[in-house]
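Enquirer: Residue numbers (the numbering used here), protein chains in the order written: chain A, 16 to 333; chain G, 109 to 613; chain R, 1477 to 1984.
Note that the Cβ used here is the ideal one computed from N, Cα and C, for glycine as well.
The structure under discussion is supplied below as structure tokens; questions concerning it will follow.
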Amino acid sequence: MQDIQTLVALTGWLLKATLMMSTPLVLAALGGLFSEKTGIVNIGLEGMMLIGAFSAVAATYFTDNPWLGVLAAVIAGGMLASIHAIVCVKYKGNQIVSGAGIILFAGGFTTLMLEVVWGVKGVSDSVTRLPNVVIEPISDIPILGVALGAQSPLVYIMLILVVVSWFVIYKTPFGLRIQAAGEDPSALDAAGVSVSSVRMIGVVLSGCLSGLGGAYLAISYASEFGKMMTVGRGFIALAALIFGNWTPFGCLIAGALFGFLDGLQFAISILPEFSFMLEYVNFIKMIPYVLVIVALAGIRKSVPPKAIGTPYEKEARG
Amino acid sequence: MSGEYIEDSAVDVSHTHEEKSSAFQKLVIVFNKVKHRLPSRDYWKPLFWSLGSIILALLVSAIMMTVMGYDAIMAFDYLIRGALDQPDRVLQYATPLILTGLSVALAFRCGLFNIGPEGQLLIGSMAAAILGYVVALPFLVHPLVCIGVAALAGGLWGFLPGLLRAYRGAHEVVTTMMLSYVAINFTQYLAGGPLKEQGEYAWISQTTRILDTSELAKIFGPYLHWGFAVAIVCVIGIDFLLKRTVLGYEMKAVGLNEEAAEYAGINSKRSMALALGISGALAGIGGAGEILGTHHRFLDGWSGGLGWDGITVAVLGNNSPWGVLGAAIFFGALRAGGNRMHQFAHVPIEIVGLIQGLVVIFVAAPRIIDWLGRQTIDSASWIKREPREGLPGIAVLVFNLFGLFLGIGISASLFATNPILGVMFSMVGIVSGLVSYRILSRQETALSLSIIPAIAWVDAMVLDILIGEAMFFNMGMVMVIVGLILSVVLWMMQALTVQPDGGEV
Amino acid sequence: MTLRIEEGEVHGLLGENGAGKSTLMNILYGLLSKDSGRIVIKGEEADLQSPQDAIVRGVGMVHQHFKLIPTLTVTENVILGLESTLKRLGAISRRASGLIKPFIRTDYKSAEEKIRRISEENGLIVDPQAKVADLSVGLQQRVEIIKTLYRDADILILDEPTSVLTPHEVDELFETLEAFRDSGKTIILITHKLREPMALCDRISVLRDGSLVGTVNRQDTSPEELAELMVGRPVVFRIEKAPASIGEAVLSVRELKVADSRGLTRVRGVSFEVHAGEIFGIAGVEGNGQTELVEAISGLRRPLGGHIFLSGQDIAGQNARSVREAGVSHIPEDRQKRGLVLGYNVRENMVLGKHHTDRFTSGPRGLLIDGDSILETSEKLVDDFSIKVGSLKGQVSTLSGGNQQKLIVARELAFGPKLVIAAQPTRGLDVGATEYIHNVLVTMRDAGGALLLVTADLDEVWSLADRIGVIFDGQLVAIKTPEETSMQELGLLMAGHGVDQSSQGVSN
């Protein structure tokens, strides 16, 4: 009997941890989705998350309102992404190089600002967290209650955003244009729609969503900003995007899987039931990356947008 | 490309020396030869882009430093002196960057994007670290064996994505990146688990120290080891590979046009896998050099992103071996100088990462540099053509650009304490920015608008004195006075130019 | 240039590649911007900044390379850029500004209905829910036409609409276009073929080197006159060549079967022989297995079955390099994609495919490139084939199309091949370069070389080949000498009509 109780408690706890850990991944992956569906590779998700995390903490620190922190994160992510957009769309630069630059820039900038604002090297002061949302009616249901009963509002927002993204991409005129920009921009151009503006919006959206993911990490999951606190989550988000085959629900499922692995590591480090795996945490960390390689090499089902990575130039020949 | 430029300019210099000592006819021949060998305009462009990006990145970072409240001039002073004072440090920092940069550059020349040199470097360095203490070999042989095995290990880490790309179509950007993280975790596991050094420092994740026989000796100074020589050999080797060998010819052909290469009977799959394999091997050698020459053991997290910096180096060096060498030394200097700057000007070392990021962003889009270049030429010819309008135009532009950054900077530092004043100053910045944009896009009304920022500065200073306790009195008053003088001068000039026109009509 | 197009006519715009037809029309459609001049549409001066400006003025364009997205459905492709949102949201939808509107649910249902109506009214039957990727080329073109009709276009521009169609599909297209004309629409037909405007157009304008040479009524002209206008001098339609002195078989293909990359069998049991001193032509509409056949012979694709003998030695299934080393040269059908490495300079391209041979390598085991030898050979070939290059160090991408093709031909003929495969060797070239290449090929034949000519150009195969094999749906349906047959018969065979069937089909 007690075994079952422990099992139920553990399952609920793991589900909760999965949701918690997958939220930033799914948000950033959705961001990547909007950018890559329009044909612009965005490996700078990591940088955009980082700047989002920093802005969230900084804004909360000054205003003492975490929701303003969330807003600041979205804006900052979008602003950093707009640099990527200008470089890649307006000046037709190399998207991967620009993305790498974005990561370097964000890493340097946030660490620098950490010192400017708080005068510290590693971790900022603590700020007010986003209060958890408690959903009374379900909080007593055994597993579900633990998992979904009291979570950060951003977790629910993430779930809603997945559905909204799906709706926008597949059911609205704007989504059709996004898809066209990523598959064959010349067709979009011939239909009288500006390819640049669609792509610009896509990239900026990706920054906003990644910034939101960063905000979750900084003022919901934690309550402070630490140097390089995203520790490669932007890349895992990219992996989730590819593993999820460039679809919103694919991103959710892949993000949840990778989030589960993340939650498992957390469980291993604090729960005695799991401590026997402590030695192999590194291997659990590898799983997402290996899965992506296997998926790309083996199944070969993943179909990226066709025009991805290539700047659109109007044809100038006769 | 810029590497080839360096080579050619060297030829140029030697020939000009010759000119003085030889007869006139010989001189003409030599001159023609030089002219023939001198690259065309397009050849110079990459160098122009790289230098332009560096200058632009330094400018932007200087502005950001100022905004954050550091003394940018003093910082750069220490940065430059720090780099010039300690060449051994510069070259030591440059050594791994040369190799990871070469790794990315070689792959790029073969049409592949290796963004995983970090993993290849770590795997290589781990192999070297293990071999460094497990086997006993005589001097000289030992480090060479370590480097060789490291090259193999790193090469394997690159070869695998190469195979996946060639035979399964898995994109190498993704696979190399993912394998990089596999390598990071794997080496972390090894250094913290089975291979962890026991004893006094058991709480640190690190392997046992390598044997003395496997250490790379120092060339000069306390830092620079023979790994640098290995790196130079690699630069020469890769340059030779790309320019003079059949393999290089085939790999480049596959990179430029896979289909045409296949039609010409080239085995494109083999070429791709080999290119990534060699690329990985280079990064592996880079890792081995650092272990054998500097760290003497594998310490968890020792790399700190050297592989990532390889991308930066390759991009800045325009993917040519000699360009990579130059770019790596530049970044080495930035780091060595950055340390000095950190010590004496108390500017955080992270500013180096910021500069690096900016350089890469600017290099990513050469058209930004082109556009700025054109603007500069445009402005120059504007001054030349119409000095009466051009000169004050440029003055107003400079004034407003400065006002833009100053306004935004002041507002950023004010927001926390005095939001109203902060908003005021950011408005001033925005107004200045708009005016400079109008001047840049050559709108006729732009010059007469220059009164607006001046008035904005007056307003801001009044507010500053009233509620901000005159915090920025000196700087603000300068802006007010300069702004007013400029607008008065402009107004007078306009009045003067209009009158004669009216007379003619 | 001044060009007047009357309402309700079918106007042909004729010119060689590079004469400026497509540029002119892309400007009219707003895709490219003009340097100077005026465009007047329906008596109203138009400033066309983007295709949107052209669309609202009733201009629609069917591009040579379709502007369709294969992964989307017909409906999605048609409504792209002109999506209507759900009416159910009534007031919001109507009042919604440009900012919100793109985020309201698309109204696919009424769009589908409208497409159904358009396709029924005009006899352009297409399933609106089908994915474009699953449609044949002919159907895809229908989608493009529906796209313009959906936007209420009454001026239709068609850019080389027939180049990818089978003769039967061409007939259907022409019927549709005639119906459009009768309903008062204006049609501009861009082409470089002579027969098409003669069949359909009311008036024909000829462009040469970016300027208008003349506009003629169809009744007052002949293909010969049009050709002369197009090229600027009388054109010889036939090449002078001596009778062939046929030697022994160099290439012998037996029951060859080849699949394409998707695994569909595209070549289904083809047998033929090419002899020394003869040009064997393979004629067919594109997409009937020619590409796969050529790739199999040149070692780029492993055949499913059958044999390929080169001078008695079976080379089926060998890789491209060993086939080349056995003496097969290949002039690929797309010179920029498959024939040249555009990032390489002239010298480097001149030895592509031969770069590994003893002649151009040095050092241990031939690992190094011998630059001097390459330079020497390049200089000689540039001279021999009168290729106009700025410098041997210059990028090959700066050469004109004709000179690029000459470079490839020089490279493939220079090193004593036993067999030359020439796929569409003159596609997209001007008349001068075409004539030059034809002459070079005939000279090679007269010197005893064996040539396999694969082409979709009936004129070319007719005038060059000593024997002609017609390929249809992966099979050689006939092998004839030009004396035994007529152009008309070849056309019918290419379209898959048997010899005995009556001569309907190709409009002449």
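1. Check whether chain G comes within 9 Å of Asn57 of chain A, counting only Cβ atoms and requiring the distance to be less than that.
2. In angstroms with no decimal places, state the Cα-to-Cα distance between Gly209 of chain G and Gly122 of chain A.
3. Does the Cβ of Asn1860 of chain R have 16 or more other Cβ atoms within 10 Å, making it buried, or fewer, making it exposed?
4. Name the two residues that bound the continuous alpha helix (DSSP H) containing Thr126 of chain A.
5. Beta carbons nearer than 9 Å to chain G: which residues of the segment 1793-1809 of chain R have them?
6. Kindly identify the DSSP beta-bridge partner or partners of Ala68 of chain A.
7. Determine the direct distance from the alpha carbon of Asn447 of chain G to that of Val566 of chain G, and round the result to whole angstroms.
8. Under a Cβ-count criterion, where at least 16 other Cβ atoms within 10 Å of its own Cβ denotes burial, should Ile575 of chain G be classed as buried or exposed?
9. Determine contact between the segment 164-181 of chain G and the segment 375-391 of chain G, defined as no fewer than three beta-carbon pairs at a distance below 8 Å.
10. Take Ile1955 of chain R as the anchor and find which of R:Arg1657, R:Pro1808, R:Ile1758, R:Asp1678 has the nearest alpha-carbon.
11. Can you list the residues of chain A that Met287 of chain G reaches, using a CB-CB cut of under 8 Å?
12. So what's Arg1514 of chain R in DSSP terms, helix, strand or just coil?
13. For a contact defined as C-beta to C-beta under 8 Å, what are the partners of Lys107 of chain A on chain G?
14. For Glu1716 of chain R, which of helix, strand or coil comes out of DSSP?
15. CA-CA distance, Gly46 of chain A and Gly249 of chain A?
16. Do Ile255 of chain G and Ala436 of chain G count as a contact pair if the criterion is CB distance below 9 Å?
17. In this structure, what does DSSP give as the bridge partners for Asn1821 of chain R?
18. Taking 9 Å as the CB-CB limit, is Arg1581 of chain R close to chain A?
19. Taking a contact to mean a Cβ-Cβ separation below 9 Å, would you say Ile98 of chain A touches Ile118 of chain A in this structure?
20. In whole angstroms, what is the alpha-carbon distance linking Arg1442 of chain R and Leu256 of chain A?
21. Expressed to the nearest angstrom, what Euclidean distance is found between the alpha-carbon atoms of Asp120 of chain G and Ser428 of chain G?
22. Rounded to a whole number of angstroms, what is the C-alpha to C-alpha distance between Gly54 of chain A and Leu220 of chain G?
23. Report yes if the C-beta distance between Ala1898 of chain R and Val1865 of chain R is below 9 Å; otherwise report no.
24. In three-state DSSP terms, what is Gly1553 of chain R?
25. Confirm, please, whether the CB-CB distance from Ala1752 of chain R to Val1729 of chain R is below 9 Å.
26. Taking Cβ positions, are Leu1544 of chain R and Asp199 of chain A nearer each other than 9 Å?
27. Within 9 Å (strictly less), CB to CB, does Gln296 of chain G reach chain A?
28. Taking 9 Å as the CB-CB limit, is Ile1955 of chain R close to chain G?
29. Please classify Ile1664 of chain R: does DSSP put it in a helix, a strand, or coil?
30. Just to check my reading of the structure: Gly418 of chain G and Pro225 of chain G have Cβ atoms closer than 8 Å, yes? What is that Cβ distance to the nearest angstrom?
31. State the start and end residues of the unbroken beta strand (DSSP E) segment that holds Leu1632 of chain R.
32. Against Ser201 of chain A, what residues of chain R qualify as contacts under a CB-to-CB distance less than 7 Å, listed in chain order?
33. For a contact meaning CB atoms closer than 9 Å, what does Asn365 of chain G contact in chain R?
34. Return the CA-CA distance between Ala337 of chain G and Phe348 of chain G, expressed in angstroms with no decimal places.
35. Flag Val257 of chain G as yes if its beta-carbon sits less than 9 Å from any beta-carbon of chain R, otherwise no.
36. Can you tell me whether DSSP reads Ile114 of chain G as helix, strand or coil?
Expert: With the given structure in hand:
1. Translated into the one-based positions of the first sequence, residue 57 of chain A becomes position 42. No, its Cβ sits nowhere closer than 9 Å to a Cβ of chain G.
2. Here residue 209 of chain G corresponds to residue number 101 of the second sequence, with the count starting at 1. Here residue 122 of chain A corresponds to residue number 107 of the first sequence, with the count starting at 1. Their backbone Cα atoms lie some 20 Å apart in a straight line.
3. Mapped onto the third sequence, residue 1860 of chain R falls at position 384. It should be noted that the sequence gives Asp, not Asn, for residue 1860 of chain R. Exposed is the call here.
4. Numbered from 1 along the first sequence, position 111 holds the residue referred to as residue 126 of chain A. Residues 110-133.
5. Asn1795, Ala1796, Arg1797, Ser1798, Val1799, Arg1800, Glu1801, His1806, Pro1808
6. Here residue 68 of chain A is taken as the residue at index 53 of the first sequence, counted from 1. Partner(s): none; Ala68 of chain A has no beta bridge.
7. One-based indexing of the second sequence puts residue 566 of chain G at position 458. One-based indexing of the second sequence puts residue 447 of chain G at position 339. Each residue's Cα considered, the two are about 41 Å apart.
8. Indexing the second sequence from 1 puts residue 575 of chain G at position 467. By the neighbour-count rule (16 or more Cβ atoms within 10 Å), Ile575 of chain G is not buried but exposed.
9. no
10. The residue given as residue 1955 of chain R occupies position 479 in the third sequence. It is R:Ile1758.
11. In the second sequence, residue 287 of chain G corresponds to position 179, counting from 1. The sequence given here places Leu at residue 287 of chain G; Met does not occur at that position. Residues of chain A passing the Cβ test: Tyr304, Ile308.
12. For this step, residue 1514 of chain R is matched to residue 38 along the third sequence. Coil, per DSSP.
13. Translated into the one-based positions of the first sequence, residue 107 of chain A becomes position 92. The contacting residues are Ala473, Arg475.
14. Mapped onto the third sequence, residue 1716 of chain R falls at position 240. In this structure, Glu1716 of chain R counts as coil in the three-state DSSP scheme.
15. Here residue 46 of chain A corresponds to residue number 31 of the first sequence, with the count starting at 1. Here residue 249 of chain A corresponds to residue number 234 of the first sequence, with the count starting at 1. Roughly 10 Å separates the two Cα atoms.
16. Here residue 436 of chain G refers to the residue found at position 328 when the second sequence is read from its first residue. Here residue 255 of chain G refers to the residue found at position 147 when the second sequence is read from its first residue. Not closer than 9 Å, so no.
17. Taking the third sequence and counting its residues from 1, the one referred to as residue 1821 of chain R is at position 345. For Asn1821 of chain R, which the question treats as bridged, DSSP gives the partners R:Gln1871.
18. The residue given as residue 1581 of chain R occupies position 105 in the third sequence. It does; some Cβ of chain A falls within 9 Å.
19. The residue you call residue 98 of chain A lines up with position 83 of the first sequence. The residue you call residue 118 of chain A lines up with position 103 of the first sequence. Result no, Cβ atoms of Ile98 of chain A and Ile118 of chain A do not sit closer than 9 Å.
20. For chain R, the structure presents residues 1477 to 1984; residue 1442 of chain R sits outside this window and is missing.
21. For the purposes of this step, residue 120 of chain G is taken as the residue at position 12 of the second sequence. For the purposes of this step, residue 428 of chain G is taken as the residue at position 320 of the second sequence. Note on Asp120 of chain G: pLDDT 42, under 50, position unreliable in the model; no value is reported.
22. As a position in the first sequence, residue 54 of chain A is number 39, starting the count at 1. As a position in the second sequence, residue 220 of chain G is number 112, starting the count at 1. Answer to the nearest angstrom: the Cα atoms are 19 Å apart.
23. Along the third sequence, one-based indexing puts residue 1898 of chain R at 422. Along the third sequence, one-based indexing puts residue 1865 of chain R at 389. No.
24. As a working mapping, residue 1553 of chain R is identified with position 77 in the third sequence. According to the sequence provided, residue 1553 of chain R is Asn. The question's Gly does not apply to it. Asn1553 of chain R falls in the helix class under three-state DSSP.
25. The count along the third sequence starts at 1 and reaches residue 1729 of chain R at position 253. The count along the third sequence starts at 1 and reaches residue 1752 of chain R at position 276. Not in contact: Val1729 of chain R and Ala1752 of chain R (Cβ atoms no closer than 9 Å).
26. Your numbering for residue 1544 of chain R matches position 68 in the third sequence. Your numbering for residue 199 of chain A matches position 184 in the first sequence. Contact flag set, yes.
27. The count along the second sequence starts at 1 and reaches residue 296 of chain G at position 188. By this cut-off, Gln296 of chain G is an interface position.
28. What you label residue 1955 of chain R is simply residue 479 of the third sequence in a count that begins at 1. False, the Cβ-Cβ gap to chain G never drops below 9 Å.
29. Residue mapping note: residue 1664 of chain R aligns to position 188 of the third sequence, counting from 1. Note: Ile1664 of chain R maps to strand in three-state DSSP.
30. Position 310 of the second sequence, counted from the first residue, corresponds to residue 418 of chain G. Position 117 of the second sequence, counted from the first residue, corresponds to residue 225 of chain G. Going by Cβ atoms, the distance from Gly418 of chain G to Pro225 of chain G rounds to 4 Å, so yes, they are a contact pair.
31. In the third sequence, residue 1632 of chain R corresponds to position 156, counting from 1. Unbroken beta strand (DSSP E) run through Leu1632 of chain R: 1631-1635.
32. Numbered from its first residue, the first sequence carries residue 201 of chain A at position 186. The contacting residues are Lys1543.
33. Locating residue 365 of chain G in the second sequence gives position 257, where the first residue counts as 1. Simply Gln1812, Lys1813, Arg1814, Leu1816, Val1817, Leu1818, Gly1819, Tyr1820.
34. By one-based count along the second sequence, residue 337 of chain G stands at place 229. By one-based count along the second sequence, residue 348 of chain G stands at place 240. Spanning the two alpha carbons is a distance of roughly 17 Å.
35. Here residue 257 of chain G corresponds to residue number 149 of the second sequence, with the count starting at 1. No - not a single Cβ of chain R is within 9 Å of the one on Val257 of chain G.
36. Walking along the second sequence from the start, residue 114 of chain G turns up at place 6. Its pLDDT being 37, under 50, Ile114 of chain G is placed unreliably by the model, and nothing is read from it.
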